[in-house]
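Structure record follows, encoded as structure tokens.
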Amino acid sequence: MTTPSAELKMITLDCLDPKAAADFRAQLLGWDLAHSEDAHAMVTGPHAALGFGRVEDCEPPAWPNPRGNKQLHAGRQLG
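For the sequence shown, numbering that gives the first Met the number 0 assigns the number 0 to the initial residue and increments by one for each residue that follows.
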């Protein structure tokens, strides 16, 4: 029997402008812009991806965040 494992494959961030967020991160990290639309965008790196989804009333994060609002979603691949 093999031991189960999990590998982080993608993190998705809520934002106001997915295209701008993806363009910035792609240049910053040297990753590929894999997908870019008004509502969704994604950049891919060697082992993972960053996704960006438009949320119209998204507020930039504050630190510390007293309300505890979700800032990101992490996707894992189980194997």
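Cβ atoms here follow ideal geometry from the backbone N, Cα and C, with glycine treated the same way.
Which of helix, strand or coil DSSP assigns to residue i
| i | result |
| --- | --- |
| R24 | helix |
| A38 | coil |
Sub-8 Å separation of residue i and residue j beta-carbons
| i | j | result |
| --- | --- | --- |
| D22 | L32 | yes |
| L7 | A47 | yes |
Alpha-carbon spacing of residue i relative to residue j, whole angstroms
| i | j | result |
| --- | --- | --- |
| I10 | H34 | 15 Å |
| P65 | M0 | 44 Å |
| C57 | G29 | 26 Å |
| A25 | L12 | 14 Å |
Beta-bridge partners of residue i, as assigned by DSSP
| i | result |
| --- | --- |
| T43 | D31, A48 |
| D13 | G52 |
| E58 | Bridge partners of E58: none, in fact. |
Residue i: CB within 7 Å of a non-hydrogen atom of the ligand SAH
| i | result |
| --- | --- |
| W62 | In terms of ligand content, the structure shown is empty, and the ligand SAH therefore cannot be addressed. |
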